[in-house]
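In terms of this note's numbering, the sequence shown opens at residue 1 and continues consecutively.
Heads up, the beta-carbon is just placed ideally off N, CA and C, and yes, glycines get one too.
Only one structure is covered here, and it is reproduced in the block below.
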Amino acid sequence: MRVLGLNGWAGRGHDAAAALVVDGRVISFAEEERFVRAKHAYGRAPVHAVAAALHRAGLTLDDIDVVGFGWDTPALHRDRGQPWPYDEKGALEALLPRALFPRTRDPRLEFVPHHLAHAASAYHVSGDPEAAVLVIDGQGENESASLAVGRAGAISVLETVPVSWSLGYFYDAVGRYIGLGRDQAGKLMGLAAYGTVREDMFDAFRFDGPGYRVDSIDPGLRSDRSIDDSAESVDAWLQHVEKVAGMPANPASSRYDPASARYVPHTRHDPFTYKDLAASAQHVLERAVHALVDQLFALTPSRVLHVAGGVGFNASLNGLLLRRPDVERLFVQPVAGDAGVALGAALHLAHRHGDAIAPFSGSLAFGSAFEDQDIRDGLDSAGVSYEEPADIAASVADLVAADRIVGWFQGAGEVGPRALGHRSIVANPALAATRDRINLRIKRREGWRPLAPSMTVEGHGELIDSAAELPYMVVTTPLRPSAVDRMAAVSHQDRTTRPQTVSAGDDPLYHRLLDRVGDRTGVPAVLNTSFNGNDEPIVWAPADALRTFFRLGLDAMAIGPFLLRKK
Ligand SMILES: [Fe+2]
């Protein structure tokens with residue numbers, strides 16, 4: 001069965017994405033932001049991502065049996081007294097206009113409840129027959145967290161948390177209060193590592209029963225103006241934060257930056273001064289999620305834990321879950337945010353049809369790939385000079401060992417917010433000065449933003465304190481004490497790091513690069529950060545890479561078998 005899973009609707013929503021699942025195998029999975037070059041692709045339908053998915057598979061919409069959407073959008077409208085203006089045909093036309101996707105017949109369209117889609121995105125690709133599944137985000141249709149169990153292929157939701165107590169909206173509100181902007185949870189998590197926790201700050205969170213509750217916010221708070229409750233819930237949290245933070249909100253605006261020729265965020269105060277608030281918010285978030293895991297484990301005997309939903313991007317939190325003594329195995333869906341429901345909707349429908357779902361292998365390279373000849377033609381027409389070394393991995397390893405910062409564009413693009421060795425910037429992880437150069441001069445962002453390493457699966461035992469392979473950069477783990485000095489650029493304030501372990505089976509070329517670096521430096525690891533500028537989507541096509549290479553001031557770029565050096 002051929003299932004196309006979607007997220008994103010023209011004019012509203014965020015994180016538009018498309019996933020194509022054929023006979024239980026993920027053939028393509030990509031986010032619209034990479035094509036439209038705007039982070040999170042706010043207000044976009046995933047039309048470019050669908051076109052790329054169909055192209056990759058050599059299919060047209062006529063070949064698709066069913067389209068799944070990762071929200072029950074009619075229910076969202078109905079539950080808030082808003083009319084749902086479409087019949088099935090009209091909804092499909094709104095999502096996939098015939099002008100862009102000609103067809104002789106319409107595939108079936110199904111709306112999959114949002115948290116069920118998140119849960120399916122983790123459970124079905126995990127390879128685990130049974131698991132406790134925790135979904136935590138801003139909100140689904142009528143809940144902000146779902147405690148579920150996956151067993152024999154089926155997912156049952158056991159308990160939910162009301163939208164107004166949303167941990168996702170809480171964290172978003174704190175980020176906005178601090179002046180980091182909306183959807184900047186990653187920045188808030190990075191800042192939290194520098195602060196001191198004030199245990200009493202968020203005592204509105206109560207832990208005297210199963211899970212958690214929030215004293216100061218009405219659990220029945222709902223919107224009658226919008227189809228979701230985000231504005232009301234974030235406002236309620238902002239009012240609460242204002243009462244307890246002990247410092248005023250940090251207003252954020254935009255200011256024109258002539259150096260980058262863009263508007264960039266500007267705040268009245270340095271967000272770093274809010275580090276204790278960040279640390280306290282991170283602490284109570286961790287406590288609340290631990291309480292949800294306790295609640296979930298009381299409901300199901302499985303000690304295999306799956307996590308999905310945007311809060312699943314919180315790598316510090318995931319590190320704590322990994323190290324919980326009662327967790328036998330942790331699987332965090334690496335596309336934990338809302339792009340993941342495109343995949344989850346497709347997997348849910350494919351499974352319901354009877355298809356056996358193939359587990360993730362450790363690679364997320366589900367996007368567009370480009371032929372070497374096309375890359376060469378692009379370089380030639382741009383008039384840039386390049387070399388074609390015998391072994392691109394060895395040549396880049398020479399540059400990394402000489403402390404150069406190198407763009408690395410290889411194979412199909414990854415899905416999700418982490419570059420995993422296909423659209424990466426790589427460097428020697430040994431020097432703290434390299435982190436500062438990347439943060440301040442290349443990415444033009446806060447100096448306190450942590451960076452992370454990729455390492456060979458064979459070498460990871462010497463570098464990090466984790467028996468588990470961690471292929472997706474979604475979990476932090478302590479560095480071994482002996483590795484802290486050798487990995488200074490990727491050692492966080494608390495001596496943890498957010499690693500990617502790479503096997504030759506999953507990614508032979510990237511693994512060879514790490515090995516060659518190890519031959520030269522003694523450490524089979526690189527600093528790996530996404531190939532993009534600040535607040536831009538990761539590069540997707542060779543033209544994006546070429547533009548970004550010159551603009552960011554990288555020392556060199558490997559693009560397919562070709563090597564460009566900055567003069
Ligand atoms: Fe979500």
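Margin query: Judging by CA-CA distance, which residue of D200, Q82, G181 is the nearest neighbour of D172?
Written below: The sequence position of residue 172 within the sequence shown is 172, counting from 1. Considering only alpha carbons, the answer is G181.
Checklist line | Same chain, Cβ closer than 6 Å to L92, five either side skipped, listed in chain order | finding: Mapped onto the sequence shown, residue 92 falls at position 92. The beta carbon of L92 lies closer than 6 Å to those of D106, L109 in the same chain, with the five residues before and after it left out.
Next item on the list: With a threshold of 16 other CB atoms inside 10 Å of the CB of K187, please say whether the residue is buried or exposed.
Entry: Walking along the sequence shown from the start, residue 187 turns up at place 187. Per the 10 Å Cβ criterion, buried.
Notebook entry, point to check: Is it buried or exposed for H266, if we count other Cβ within 10 angstroms and need 16 for buried?
Noted result: For the purposes of this step, residue 266 is identified with residue 266 of the sequence shown, where counting begins at 1. Looking at its Cβ environment, which holds fewer than 16 other Cβ atoms inside 10 Å, H266 is exposed.
Margin query: Any heavy atom of ligand 1 closer than 6 Å to the beta-carbon of G319?
Written below: The residue you call residue 319 lines up with position 319 of the sequence shown. Outside the cutoff, so no.
Notebook entry, point to check: Should G383 be counted as a contact of ligand 2 given a C-beta to heavy atom distance under 6 Å?
Noted result: Ligand 2 is not part of this structure, which contains only ligand 1.
Notebook entry, point to check: For K567, which of V112, G560, F549 has the nearest alpha-carbon?
Noted result: Taking the first residue of the sequence shown as 1, we reach residue 567 at position 567. That would be F549, whose Cα lies nearest to the Cα of K567.
Item checked: G13: first and last residue of the uninterrupted beta strand (DSSP E) it sits in -> For the purposes of this step, residue 13 is taken as residue 13 along the sequence shown, with counting starting at 1. Unbroken beta strand (DSSP E) run through G13: 12-22.
Next item on the list: Find the nearest neighbour of A131 within the set L6, A308, A45, D228, judged by alpha-carbon distance.
Entry: Working through the sequence shown from its first residue, we reach residue 131 at position 131. It is A308.
Checklist line | Sufficient close CB pairs (3 or more, under 8 Å) joining the stretch 318-337 to the stretch 159-166 | finding: Verdict: no, contact absent.
Item checked: Own chain, CB closer than 6 Å to G150, minus 5 neighbours either side, in chain order -> To locate residue 150, count along the sequence shown from 1; it is residue 150. The beta carbon of G150 sits closer than 6 Å to those of Y123, A131, V133, all from its chain and outside the five residues before and after it, given in chain order.
Margin query: For ligand 1, is there any heavy atom lying closer than 6 Å to the beta carbon of D403?
Written below: As a working note, residue 403 is residue 403 in the sequence shown. False, no ligand heavy atom lies under 6 Å from that Cβ.
Notebook entry, point to check: What are the boundary residues of the beta strand (DSSP E) that includes P306?
Noted result: Residue mapping note: residue 306 aligns to position 306 of the sequence shown, counting from 1. The displayed chain sequence assigns His, not Pro, to residue 306. Going by DSSP, H306 is part of the beta strand (DSSP E) stretching over 304-308.
Item checked: Unbroken alpha helix (DSSP H) run spanning R278, endpoints -> Walking along the sequence shown from the start, residue 278 turns up at place 278. Sequence check: residue 278 is Ala here, not Arg. Here the alpha helix (DSSP H) through A278 covers 275-299.
Checklist line | CB-CB length for G68 against V3, believed under 8 Å | finding: As a position in the sequence shown, residue 68 is number 68, starting the count at 1. As a position in the sequence shown, residue 3 is number 3, starting the count at 1. 6 Å between Cβ atoms; contact.
Notebook entry, point to check: Between P210 and Q295, what straight-line distance do the alpha-carbon atoms span, to the nearest angstrom?
Noted result: Against the sequence shown, residue 210 aligns to sequence position 210. Against the sequence shown, residue 295 aligns to sequence position 295. So the alpha carbons of these two residues sit roughly 5 Å apart.
Check: Taking the DSSP output, what are the residues bridged to Q500?
Finding: Your numbering for residue 500 matches position 500 in the sequence shown. Looking at the DSSP output, Q500 sits in a beta bridge with S454.
Notebook entry, point to check: Under a Cβ-count criterion, where at least 16 other Cβ atoms within 10 Å of its own Cβ denotes burial, should K89 be classed as buried or exposed?
Noted result: The residue you call residue 89 lines up with position 89 of the sequence shown. Exposed.
Checklist line | Contact set for H460: own chain, Cβ-Cβ below 6 Å, skip 5 residues either direction | finding: By one-based count along the sequence shown, residue 460 stands at place 460. Closer than 6 Å at the Cβ level, and outside the excluded window around H460, lie T501.
Notebook entry, point to check: For V341, does the three-state DSSP call read helix, strand or coil?
Noted result: If you number the sequence shown from 1, residue 341 lands on position 341. The DSSP-derived three-state label of V341 is helix.
Check: Within 6 Å: the Cβ of D72 and any heavy atom of ligand 1?
Finding: Numbered from 1 along the sequence shown, position 72 holds the residue referred to as residue 72. No - ligand 1 has no heavy atom lying nearer than 6 Å to the Cβ of D72.
Margin query: DSSP has H266 in a bridge; who is on the other side?
Written below: As a first step, residue 266 is located in the sequence shown; it is residue number 266 there, counting from the start. Answer is S253.
Item checked: Candidates I438, Y194, S233, of which the one nearest S166 by Cα -> For the purposes of this step, residue 166 is identified with residue 166 of the sequence shown, where counting begins at 1. Of the listed residues, the one whose Cα sits closest to S166 is S233.
Check: Which runs of the alpha helix (DSSP H) spanning at least 4 residues fall entirely within the stretch 93-143, listed in chain order?
Finding: Correct list: 114-126.
Margin query: I need the boundaries of the alpha helix (DSSP H) containing R551, first residue and last residue.
Written below: The residue given as residue 551 occupies position 551 in the sequence shown. Counting along the chain, the alpha helix (DSSP H) containing R551 begins and ends at 542-552.
Item checked: Bounding residues of the alpha helix (DSSP H) (the contiguous stretch that carries W237) -> Within the sequence shown, residue 237 is the residue found at index 237, counting from 1. Unbroken alpha helix (DSSP H) run through W237: 230-244.
Next item on the list: Measure how close the beta-carbons of L554 and G407 come, nearest whole angstrom, since I'm counting them as under 8 Å.
Entry: On the sequence shown, residue 554 is found 554 positions in, with the first residue counted as 1. On the sequence shown, residue 407 is found 407 positions in, with the first residue counted as 1. Right, their Cβ atoms sit about 5 Å apart.
Check: Closest to G81 by CA distance: which of H240, R225, P537, A390 is it?
Finding: Stepping through the sequence shown from its first residue, residue 81 is reached at position 81. It is R225.
Next item on the list: State the DSSP-derived secondary structure class of P417, mapped to helix, strand or coil.
Entry: If you number the sequence shown from 1, residue 417 lands on position 417. Reduced to three states, the DSSP call for P417 is coil.
Next item on the list: Could you pull the start and end residues of the alpha helix (DSSP H) that F570 belongs to?
Entry: Nothing about residue 570 can be read from this structure; the chain reaches only from 1 to 567.
Item checked: Three-way DSSP call (helix, strand, coil) for P508 in this model -> For this step, residue 508 is matched to residue 508 along the sequence shown. P508: helix per DSSP, three-state reduction.
Margin query: ligand 1 and D172: does any heavy atom of the ligand fall closer than 6 Å to the residue's C-beta?
Written below: Here residue 172 refers to the residue found at position 172 when the sequence shown is read from its first residue. No.
Check: In angstroms, rounded to a whole number, what distance separates the CA positions of V197 and S280?
Finding: Here the question's residue 197 lines up with position 197 in the sequence shown. Here the question's residue 280 lines up with position 280 in the sequence shown. Straight through space, the alpha carbons of S280 and V197 are spaced by roughly 4 Å.
Check: Just curious, the alpha helix (DSSP H) that F35 is in, first and last residue?
Finding: Counted from its first residue, the sequence shown places residue 35 at position 35. Its alpha helix (DSSP H) spans residues 32-36.
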